[in-house]
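Undergrad: Quick one: this structure, given as structure tokens, is what I'll be asking you about.
2 protein chains.
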Amino acid sequence: MSQGPTGIVMMNLGGPKTLDDVQPFLLKLFEDREIIQLPAQIFLGPFIAKRRTKSVQQNYADIGGGSPILKWTTEQGQGMCVRLDKLSPQTAPHKFYIAFRYINPFSEDALKAMQADGVKRAVAFTQYPQFSCATTGSSLNEIWRAAKRLGLQDAFDWSVIDRWPTHPKFIEAMTKTVKQGLAQFDKKDQDDALILFSAHSLPMNIINRGDAYPAEIGATVHEVMKQLNYSHEYMVTYQSEVGPVPWLGPSTENVIEELGKKKRKNVLVVGIAFTSDHIETLHELDIEYGELAHEAGISNYKRAPALNGMPLFQDALAEIVAEHLTRGDACSKQYGLRCAGCVNPQCRNILNPVVPFKRTNVTASPKNKDYQTV
Amino acid sequence: MSQGPTGIVMMNLGGPKTLDDVQPFLLKLFEDREIIQLPAQIFLGPFIAKRRTKSVQQNYADIGGGSPILKWTTEQGQGMCVRLDKLSPQTAPHKFYIAFRYINPFSEDALKAMQADGVKRAVAFTQYPQFSCATTGSSLNEIWRAAKRLGLQDAFDWSVIDRWPTHPKFIEAMTKTVKQGLAQFDKKDQDDALILFSAHSLPMNIINRGDAYPAEIGATVHEVMKQLNYSHEYMVTYQSEVGPVPWLGPSTENVIEELGKKKRKNVLVVGIAFTSDHIETLHELDIEYGELAHEAGISNYKRAPALNGMPLFQDALAEIVAEHLTRGDACSKQYGLRCAGCVNPQCRNILNPVVPFKRTNVTASPKNKDYQTV
Chain A
0 MSQGPTGIVM MNLGGPKTLD DVQPFLLKLF EDREIIQLPA QIFLGPFIAK RRTKSVQQNY
60 ADIGGGSPIL KWTTEQGQGM CVRLDKLSPQ TAPHKFYIAF RYINPFSEDA LKAMQADGVK
120 RAVAFTQYPQ FSCATTGSSL NEIWRAAKRL GLQDAFDWSV IDRWPTHPKF IEAMTKTVKQ
180 GLAQFDKKDQ DDALILFSAH SLPMNIINRG DAYPAEIGAT VHEVMKQLNY SHEYMVTYQS
240 EVGPVPWLGP STENVIEELG KKKRKNVLVV GIAFTSDHIE TLHELDIEYG ELAHEAGISN
300 YKRAPALNGM PLFQDALAEI VAEHLTRGDA CSKQYGLRCA GCVNPQCRNI LNPVVPFKRT
360 NVTASPKNKD YQTV
Chain B
0 MSQGPTGIVM MNLGGPKTLD DVQPFLLKLF EDREIIQLPA QIFLGPFIAK RRTKSVQQNY
60 ADIGGGSPIL KWTTEQGQGM CVRLDKLSPQ TAPHKFYIAF RYINPFSEDA LKAMQADGVK
120 RAVAFTQYPQ FSCATTGSSL NEIWRAAKRL GLQDAFDWSV IDRWPTHPKF IEAMTKTVKQ
180 GLAQFDKKDQ DDALILFSAH SLPMNIINRG DAYPAEIGAT VHEVMKQLNY SHEYMVTYQS
240 EVGPVPWLGP STENVIEELG KKKRKNVLVV GIAFTSDHIE TLHELDIEYG ELAHEAGISN
300 YKRAPALNGM PLFQDALAEI VAEHLTRGDA CSKQYGLRCA GCVNPQCRNI LNPVVPFKRT
360 NVTASPKNKD YQTV
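Put into structure tokens, the structure is as follows:
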């Protein structure tokens, strides 16, 4: 094709690959006002990041010295592209590029590689199934800023896959992980297992300004349980709260403690908002909450495997992209909708979109100096 | 049939039929510790109820002098039973009984009428599509207490329909109301309409102990939008917060104000958690938020009609009951699961269940004197 390859940018949080990466990763995280807003952030952010470095390094040391998210994303991207070339020969070849938010490969790295490969048509594909401004929103804003920083604002024709909380193939893959999780229990205990679908929590101020996240988490969970014919008791819980502000609950941690008090013996925890293993599954769910569950008397506390290298999930990724390319739209209808309480004028943009799209709820909020605009 | 009719108890909040009903209704509401917990509730509850009586009476005066919920529930029950006798002749005849939580007909009234009619097989059928301990949970606990107060604890063989957030026929009916709502806009404005799916809010302490409500609201909304092929922008919002405690947001009221500031002109509000018109639709959504929207500059603020007397919704009610009777279970798997943070030992019971069911997370919480146990 004269247009060159179709570039698929896989956006995710990312994680430190080595213990030395921990501090720069935390520094980036705590300077992102789209996820965390602190008073005097330019001073307080680095202060908190540095103070937390040692304990977070210890956590990464506990899980083998680094995050496996780059490895899994690479494997997922490779599987996706092989399938895409068959599913959608008219847009082949397909090449994937990884853009992590707080660690390399950054958006800049992805964009430079795309330019070197002669990519013109680019798809920004979030690896978060459910949309939140704190995750997908922040990653997209960063891609557009990075493109401007590199002078590449006209280099690519962009479209965005901004959410896929109930894509049938994703639900099928997720359901498979739940079944694999249940199979870890002794036969006699399987029926009794309570499934905790645990998602990363969000501060209530993000929820209250209109973030779509909790409703989309609810939708994903319901579709998975429908596939399972509602075979087990289940709950939606939220993990990884930090700091003194109120977060969305129920808290996975508190729920585990309460279940222990209520003499619950069989609990299966399922990460519902991430597609690869990372510190929140390998350390928080497995080690921290595992110890908590043990102390609370939950004798059989198990975790369903993450999607990681599952071929069915690569089928899902390829189908999501192929369907998107066939539809030919710039993004979902929802992506254009800024949150009702949004004060960030950068939100919900697409740089050089492949077709025009409607961005709404735009007027009013005065340009907010809290947000750097490149 | 020697067993007599199958009794279907339609449980709902209820609403004052006349202005004189307002004070007794509020007194009952503010004494229900399963929905509101106040310090010194026995004194503070009546105090607040009396203080609010005048303004709430004015609200009911504004909507014609009383709540239409009894009228609609009666019409829905009649339509449901006609259909059920055809769908499930083996359990016919079917008779419906209304049990409101805070106004007559109370649970006692329903139970006495069932006894008089010779009912043995009884189904407690919540009219709240999504489960919450504050609504369906409270109504069920009250039915069991009322049966004991009347000495009718062995009179009926009970099963429970405790939730139906994504029943296909309910989704079909709900989708129809959304389409009717969109049809109220001028053709040129229809595409621009933002759909606000508004549900009654809950205090965060109920959410945080593990209530299933927000995830089930998310599931309902997603199914409706799927039926609409995601044709419009939409949000899930929460209404009717009172008092100083934190409630689940985003608040419908705040969202309307923010949308006005952002120059949004076309907004369709859809009550997603109630099936009939009542004070929260006719007064809060139509009058109060209508004025707010007008002041905020939203020129076209419309509300989708409630399900009310829609025949398709009566089809849904009948199918939900018929499928339940065919399955033959006592309740959903979820009903048996007490919230992780529950301190109410009455929760998740079924009096004299038609078949045994498993109630879980039972141990530990010491009998709490805050809850009257009959």
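Protein sequences, first through last, are from chains A and B.
At position 18 of the first sequence (counting the first as 1) the number is 17 in numbering that gives the first Met the number 0, and the numbers step up by one without a gap.
At position 293 of the second sequence (counting the first as 1) the number is 292 in numbering that gives the first Met the number 0, and the numbers step up by one without a gap.
Where is the CB? At the ideal position from N, CA and C, for every residue including glycine.
Bear in mind that the values here come from a model prediction, so they are computed numbers and not experimental data.
When you check each C-beta in the region 309–337 of chain A against every C-beta of chain B, which residues fall closer than 8 Å?
TA: Correct list: Ser331, Lys332, Gln333, Gly335, Leu336, Arg337.
Undergrad: Using 8 Å as the threshold, is the C-beta distance between Trp143 (chain B) and Pro202 (chain B) below it?
TA: Cβ distance not < 8 Å, so Trp143 (chain B) and Pro202 (chain B) don't count as in contact.
Undergrad: For Tyr229 (chain B), return the contacting residues in chain A, with the cut-off set at a CB-CB distance below 9 Å.
TA: Ordered by position in chain A, the residues that pass the 9 Å Cβ test against Tyr229 (chain B) are Ser331, Lys332, Gln333.
Undergrad: Using a Cβ-Cβ distance cut-off of 8 Å, determine whether Leu26 (chain A) contacts chain B.
TA: Chain B, which has no Cβ nearer than 8 Å to the Cβ of Leu26 (chain A), makes this no.
Undergrad: Provide the residue(s) that pair with Pro352 (chain A) in DSSP beta bridges, ordered along the chain.
TA: Partner(s): A:Trp157.
Undergrad: Let's see if you can read the secondary structure: which residues bound the beta strand (DSSP E) around Ile194 (chain A)?
TA: Note, Ile194 (chain A): beta strand (DSSP E), 193–199.
Undergrad: Can you find a CB in chain B that lies within less than 8 Å of the CB of Leu306 (chain A)?
TA: No, its Cβ sits nowhere closer than 8 Å to a Cβ of chain B.
Undergrad: Can you tell me which of A:Pro355, A:Ile68, A:Tyr101 puts its alpha carbon nearest to the alpha carbon of Phe24 (chain A)?
TA: Of the listed residues, the one whose Cα sits closest to Phe24 (chain A) is A:Tyr101.
Undergrad: From the DSSP secondary-structure annotation, give me the bridge partner or partners of Leu336 (chain B).
TA: The partner list for Leu336 (chain B) (beta bridge, DSSP) reads B:Thr359.
Undergrad: For Arg82 (chain A), which residues of its own chain have a beta-carbon under 7 Å away from its beta-carbon, when the five flanking residues on both sides are left out?
TA: Result list for Arg82 (chain A): Gln313, Asp314, Ala317, in chain order.
Undergrad: Using a cut-off of 8 Å between C-beta atoms, extract the partners of Glu232 (chain B) located in chain C.
TA: Any reference to chain C falls outside this structure, whose protein chains are A and B.
Undergrad: Below 9 Å between beta carbons is the criterion; list the residues of the region 243–265 of chain B that meet it against any residue of chain A, in chain order.
TA: Under the 9 Å Cβ criterion, the region 243–265 of chain B contributes Pro245, Leu247, Gly248, Pro249, Ser250, Asn253, Val254, Ile255, Glu256, Glu257, Leu258, Gly259, Lys260, Lys261, Lys262, Arg263.
Undergrad: Any beta-carbon of chain B closer than 8 Å to the one on Thr17 (chain A)?
TA: False, the Cβ-Cβ gap to chain B never drops below 8 Å.
Undergrad: From what residue to what residue does the alpha helix (DSSP H) around His93 (chain A) run?
TA: Here His93 (chain A) belongs to no alpha helix (DSSP H); instead the beta strand (DSSP E) covers 93–99.
Undergrad: Which value, in whole angstroms, describes the spacing of the CA atoms of Leu18 (chain A) and Leu281 (chain A)?
TA: Near 16 Å, if we compare the C-alpha coordinates of Leu281 (chain A) and Leu18 (chain A).
Undergrad: Name, please, each residue of chain B whose Cβ falls closer than 8 Å to the Cβ of Pro104 (chain A).
TA: Result: empty, since nearest Cβ-Cβ is about 32 Å, beyond 8 Å.
Undergrad: Around the C-beta of Ser298 (chain B), are 16 or more other C-beta atoms found within 10 angstroms, so that it is buried, or is it exposed?
TA: So Ser298 (chain B) counts as exposed.
Undergrad: Closest to Gln56 (chain A) by CA distance: which of A:Leu151, A:Thr72, A:Gln22, A:Ile271 is it?
TA: Of the candidates A:Leu151, A:Thr72, A:Gln22, A:Ile271, the one whose C-alpha sits nearest the C-alpha of Gln56 (chain A) is A:Gln22.
Undergrad: Using C-beta distances below 7 Å, list every residue in its chain close to Gln44 (chain A), excluding the 5 sequence neighbours before and after it, in chain order.
TA: Checking the sequence shown, residue 44 (chain A) turns out to be Gly, not Gln. Answer for Gly44 (chain A): Phe29, Glu30, Leu37, listed in chain order.
Undergrad: In whole angstroms, what separates the C-alpha of Leu336 (chain B) from that of Ala211 (chain B)?
TA: Rounded to the nearest angstrom, the two C-alpha atoms are 10 Å apart.
Undergrad: Strictly below 7 Å CB to CB, what residues from chain B border Pro213 (chain A)?
TA: The contacting residues are Pro213, Gly217.
Undergrad: Taking only beta-carbon atoms, is Arg208 (chain A) less than 8 Å away from chain B?
TA: Closer than 8 Å: yes.
Undergrad: Give me the Cα-Cα distance between Asp188 (chain B) and Tyr300 (chain B), rounded to the nearest whole angstrom.
TA: So the alpha carbons of these two residues sit roughly 11 Å apart.
Undergrad: Let's test the definition: count the other Cβ atoms within 10 Å of the Cβ of Pro4 (chain A) and tell me whether it reaches 16, buried, or not, exposed.
TA: Buried, by the Cβ-count rule.
Undergrad: Going by C-alpha to C-alpha distance, which of B:Met79, B:Lys264, B:Ser275 sits closest to Met173 (chain B)?
TA: The candidate whose alpha carbon is nearest that of Met173 (chain B) is B:Ser275.
Undergrad: Just to make sure I have the definition right: I need the residues of chain A whose C-beta is within less than 7 Å of the C-beta of Val235 (chain B). Which are they?
TA: Ordered by position in chain A, the residues that pass the 7 Å Cβ test against Val235 (chain B) are Ala214.
Undergrad: Does Val269 (chain B) come within less than 8 Å of chain A when only Cβ atoms are used?
TA: No, Val269 (chain B) does not count as interfacial toward chain A.
Undergrad: Give the DSSP-derived three-state secondary structure of Phe46 (chain B) in the structure shown.
TA: Looking at Phe46 (chain B) - three-state DSSP - the assignment turns out to be helix.
Undergrad: For Met10 (chain B), which of B:Gly117, B:Ala121, B:Phe42 has the nearest alpha-carbon?
TA: Among B:Gly117, B:Ala121, B:Phe42, the Cα nearest to that of Met10 (chain B) is on B:Ala121.
Undergrad: Hey, does His221 (chain A) have any beta-carbon neighbour from chain B nearer than 8 Å?
TA: So, interface residue.
Undergrad: Leaving out five residues before and five after Gln152 (chain A) in sequence, what residues of the same chain have Cβ atoms less than 7 Å from its Cβ?
TA: Ala146, Leu350, Asn351, listed in sequence order.
Undergrad: To which residues of the same chain is Glu256 (chain A) closer than 6 Å at the C-beta, ignoring the five residues directly before and after it?
TA: These residues qualify, in order along the chain: Ala295.
Undergrad: Considering only the beta carbon of each residue, do Cys330 (chain A) and Gly136 (chain A) sit closer than 8 Å?
TA: Not a contact, by the Cβ cut-off of 8 Å.
Undergrad: At what residues does the beta strand (DSSP E) containing Leu83 (chain B) begin and finish?
TA: Here Leu83 (chain B) belongs to no beta strand (DSSP E); instead the alpha helix (DSSP H) covers 68–86.
Undergrad: Would you decide whether Thr325 (chain A) is buried or exposed? Buried here means 16 or more other CB atoms lie within 10 Å of its CB.
TA: Exposed, by the Cβ-count rule.
Undergrad: Please check if any C-beta of chain B sits within less than 8 Å of the C-beta of Gly180 (chain A).
TA: False, the Cβ-Cβ gap to chain B never drops below 8 Å.
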